[in-house]
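Residue numbers (mature numbering (1 follows the signal peptide of the UniProt record, and there is no 0)): -27 to -1, 1 to 82. Worksheet for the structure shown next.
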Amino acid sequence: MKTLRRAFVASVLTLALGGLMAPAASAAPSGAADVRATPVSAALSCRAADNHGEIAAKFISRCKKGSIRREFPTDRLSRSLGQIYDGKLRGDRDDVKAWKLLNDRRFDK
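Right, here's the structure in full:
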């Protein structure tokens, strides 16, 4: 059911983005269309490792259940996932906890 829902959302986004293009842009070669389609599919990924540029609060809202916020360090919500990952590598306890929660499958939607 989850994969079906993701496929549906991906197709709706693709159609929506395709409908917003100007007629000249839609006549572009197929190679150019593939480049535009890549960010849409990358944005749908719910792996923390694939979204280092995204802010933690937005990633949690998009990909995780609300109950993760009970345990998630609140000062880390405004940081990007890349900053949290770098802090984890340095050994910062709050960043280690935040990264572990972001990758915990119990909180997946």
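Every residue gets a Cβ at the ideal spot worked out from N, C-alpha and C, and that includes glycine.
Could you spell out where the alpha helix (DSSP H) holding residue 36 opens and where it closes?
29 to 36
Classify residue 29 as buried or exposed, calling it buried when 16 or more other Cβ atoms lie within 10 Å of its own Cβ.
buried
Please report whether the beta-carbon of residue 50 lies at a distance below 9 angstroms from any beta-carbon of chain B.
No chain B is part of this structure, which consists of one protein chain only.
Quick one: Cα of residue 46 to Cα of residue 52, how far?
11 angstroms
Use the C-beta contact count for residue 20: other C-beta atoms within 10 angstroms, 16 or more gives buried, fewer gives exposed.
exposed
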